[in-house]
Amino acid sequence: MRFHRIPSALACFLIFSGVAVHSQSNEQIDVLLLQAQARFDSVAYIVLAAGGLIQESDGLDVAFAKALDLGLAGKSSTPAGPVRVDTLSFMVMKSLALKGGVMYSIFPGRRYAYRELVFKKVVSARGGPSRLVTGEDVMRSLGYASALKGGTR
Amino acid sequence: MNRQKALTLPVFLILSGAMAFAQEAGVDSTTGFTLVDSPSTTITAAERLDGWWKLPLGTNGSLFEGSAHVGGSVEIGLSGGSSTWLPTGDIDRLRLALVFPNIVPDLSRMYVELGRLAVKDAMGLIVLHPADGALIGFEYPFIKVSVQAGSTALMLRNANSIVMSLYDQTASADATSWLGTSRLLYKATAEFPDILKQSVNLSFIAQQDTNPASAFIPLYTQTRDTNDPPLGGRLDTQYSSIQVSGPLIPKMFYDAFFTYGSGRTLSWVTDAVSESGYSYQYVPISSFLTGVSLEYFMPALLSAAFNFRFLFASGDADYTAAIEGNSSGNGTMFIPITSSTLGAVFSPALSNLMVAQLTGSVKPFPKERIQTGLKLFAFMRPTTGALDATGLEPGGDSPWLGFETDVFANYRISSDLGLSLSTGIFMPGEAPTGAFTDGSAQFSMNVALTLGM
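Heads up: the protein sequence lines correspond to chains A and B, in order.
Plus 828 on top of the position in the first sequence (first one is 1) and you've got our numbering.
Plus 426 on top of the position in the second sequence (first one is 1) and you've got our numbering.
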């Protein structure tokens with residue numbers, strides 16, 4: 829475990845946030861937290877596993893393929909490519925089946941998912957929707973979203 | 427018109443370029459209905475679309491952003507059956523903000539902003555208006571200073587809300603003109619570090635009337651103006667303010683300010699060398715606006731918040747009209763650049779006015795984003811001179827203007843859908859104990875639905 833590399837507040841948060849990824853995925857969490865620019869396949873694995881859309885035992889390739897299948901990644905996306913914060917927002921909304929606003933209900937996609945999660949303070953608006961997320965950003969936002977779904981946020 | 431056409435192309439190109447590269451853009455739609463009975467009954471239906479975009483430039487806070495609106499309203503008079511269509515639209519903000527952190531030791535941040543920027547005083551009571559210009563700010567550990575200047579000359583008439591002079595009144599009602607009144611606005615602020623959690627801010631705001639000289643009555647004119655609409659003079663004003671704020675006890679905060687208003691106003695005053703005994707002359711303005719507010723929060727009680735505010739705007743007993751009405755000596759009427767909203771029904775300009783306001787609000791359903799509240803107002807006038815209200819008893823000397831009760835509710839149904847309701851009833855003080863001729867109650871109700879797209 830390399831939790832000493834992340835702020836203690838975030839470590840505590842991850843422990844208590846109720847993110848439903850365990851044992852085998854801990855290794856992937858470690859990998860993700862070290863990524864200054866989160867990889868698409870790593871993000872897809874953690875977020876989709878948290879929502880039960882893939883199994884923990886699945887690999888990164890399966891996670892990436894599932895993201896493509898669900899329309900969460902563009903056709904130009906690559907497993908090692910970066911992830912924009914609006915893409916992360918859509919992935920989190922879809923994976924955790926979060927309810928959005930009027931426009932998200934009509935046109936589910938990155939645009940309105942991002943606005944929804946900015947409104948609910950799950951992601952930061954700083955830098956705009958094209959900001960590329962870090963591994964820490966992903967874990968923090970996933971924790972906030974899980975708390976939101978669980979009614980504790 | 428030539429100036430407007432010449433500006434259209436570059437503005438269009440800038441906006442097109444910005445929109446093409448914008449990382450985030452959207453449109454907010456606001457649909458509103460208002461019923462007013464003050465003094466006649468009217469219903470207004472309004473639709474407004476606000477478009478906006480943001481283009482962050484790096485991660486240090488620099489960005490290029492803008493917003494514009496188009497819309498219109500239809501006002502229908504229930505008694506006469508007349509209807510009025512009022513279109514509106516303009517660029518509200520076009521802001522290129524460049525932030526330079528730590529460029530020299532001790533200077534923690536310098537920022538430069540260019541474009542159509544909001545000019546706003548700290549209290550929000552003197553000016554809140556866009557102007558085309560620039561702002562520069564410096565943040566040192568021991569002081570934060572900023573200087574801003576801008577012009578309203580290119581603002582469209584229906585979006586220009588400055589009405590300080592007779593010319594402004596005429597310009598805002600002139601349907602043949604696209605542009606509104608022209609003013610240069612200046613602002614300088616200095617903010618000092620908190621001392622014992624108390625903050626002190628100093629500010630200086632000025633506005634210079636830059637409308638054409640042909641629109642004004644020449645100095646020392648010896649005959650009373652009889653034009654329709656009436657002509658007036660240039661109105662230049664300055665506002666020097668000090669504001670202190672901070673916590674008093676846990677969960678209770680105060681805010682107090684004093685503003686000295688200076689400038690000059692054209693007045694019809696006695697003149698020994700005039701054949702009529704009078705002439706139009708510019709006289710100094712020496713006025714003030716002061717106020718205090720207390721806020722108390724009770725989070726445990728449905729997130730309750732209470733606010734008491736008292737405002738005192740100086741008047742002038744010899745003012746014969748609310749705008750450019752000085753008829754003797756210096757002008758002592760405080761004249762804000764833009765009007766603030768006070769009551770839902772009775773909301774005169776902050777001139778020759780005393781207002782005591784008590785507001786309470788709660789969030790009755792913790793799981794829902796609903797806020798409801800009540801506002802109580804008591805209005806008085808410090809002098810018997812004119813003020814921005816109709817129906818005053820001619821020659822009346824009562825300071826009591828009336829009492830108003832407003833109820834409001836705001837419901838954020840979802841991230842992109844909001845509903846707001848406000849309603850109020852104003853009980854004017856009737857002569858001889860009050861200042862109004864008619865003491866009948868006046869009311870208004872407003873419902874607005876906003877959808878972000």
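Cβ atoms here follow ideal geometry from the backbone N, Cα and C, with glycine treated the same way.
Please read all numbers here as calculations on a predicted model, not as lab measurements.
Cross-chain neighbours of residue i in chain A, by beta carbon under 9 Å
i	result
Pro-482 of chain B	Arg-954, Gly-955, Gly-956, Ser-958 and Arg-959
Beta-carbon spacing of residue i, residue j below 8 Å
i	j	result
Ala-864 of chain A	Thr-962 of chain A	yes
Tyr-665 of chain B	Ile-631 of chain B	yes
Gly-822 of chain B	Ala-861 of chain B	yes
Gly-741 of chain B	Ile-711 of chain B	no
Val-500 of chain B	Ala-471 of chain B	yes
Ser-577 of chain B	Leu-524 of chain B	no
Arg-583 of chain B	Gly-606 of chain B	yes
Gly-799 of chain B	Thr-809 of chain B	no
Val-930 of chain A	Ser-840 of chain B	yes
Ser-787 of chain B	Ala-698 of chain B	no
Arg-867 of chain A	Ala-895 of chain A	no
Asn-778 of chain B	Ala-739 of chain B	yes
Val-950 of chain A	Ser-969 of chain A	yes
Ser-629 of chain B	Ala-548 of chain B	yes
Asn-405 of chain B	Ala-748 of chain B	Here chain B covers residues 427 to 879 and nothing more, so residue 405 of chain B does not appear.
Asp-897 of chain A	Ala-941 of chain A	no
Arg-521 of chain B	Glu-491 of chain B	yes
Thr-636 of chain B	Ser-598 of chain B	no
Ser-705 of chain B	Gln-648 of chain B	yes
C-beta neighbour in chain A for residue i, strict 8 Å
i	result
Ser-455 of chain B	no
Thr-485 of chain B	yes
Glu-794 of chain B	no
Glu-473 of chain B	no
Leu-875 of chain B	no
Contact set between residue i and chain A, taken where Cβ atoms lie within less than 8 Å
i	result
Met-879 of chain B	Met-931
Residue i classed as buried or exposed, judged by whether at least 16 other C-beta atoms fall within 10 angstroms
i	result
Lys-613 of chain B	buried
Lys-922 of chain A	buried
Ala-724 of chain B	Before going further, note that residue 724 of chain B is Met rather than Ala in the sequence given. Answer is exposed; the Cβ neighbour count stays below 16.
Ser-836 of chain A	No answer about Ser-836 of chain A holds up, because its pLDDT of 47 lies below 50 and its placement is not dependable.
Arg-1052 of chain A	Nothing in the structure corresponds to residue 1052 of chain A, since chain A is present only between 829 and 981.
Gln-883 of chain A	exposed
Tyr-566 of chain B	exposed
Leu-674 of chain B	exposed
Ile-761 of chain B	buried
Phe-791 of chain B	exposed
Lys-897 of chain B	What is shown of chain B runs 427 to 879, which leaves residue 897 of chain B out entirely.
Ile-517 of chain B	buried
Pro-957 of chain A	buried
Gly-878 of chain B	buried
Val-496 of chain B	exposed
Pro-482 of chain B	buried
Ser-466 of chain B	exposed
Phe-935 of chain A	exposed
Trp-694 of chain B	buried
Arg-807 of chain B	buried
Lys-793 of chain B	exposed
Ile-588 of chain B	buried
Interface partners of residue i on chain B, CB under 7 Å
i	result
Phe-947 of chain A	Ser-841
Minimum Cβ-Cβ distance from residue i to chain B less than 8 Å
i	result
Arg-968 of chain A	no
Glu-964 of chain A	no
Residue i: contacting residues in chain B (beta-carbon distance under 8 Å)
i	result
Arg-943 of chain A	Gly-452, Ser-841, Asp-842 and Gly-878
Cβ of residue i within 8 Å of any chain E Cβ
i	result
Ile-552 of chain B	The structure shown contains no chain E; the protein chains it does contain are A and B.
Determine which residues of the region 829-842 of chain B have a Cβ less than 7 Å from any Cβ of chain A, and write them out in chain order. Ser-840, Ser-841 and Asp-842
Given a limit of 7 Å on CB to CB distance, which residues of the region 599-631 of chain B reach chain A? none
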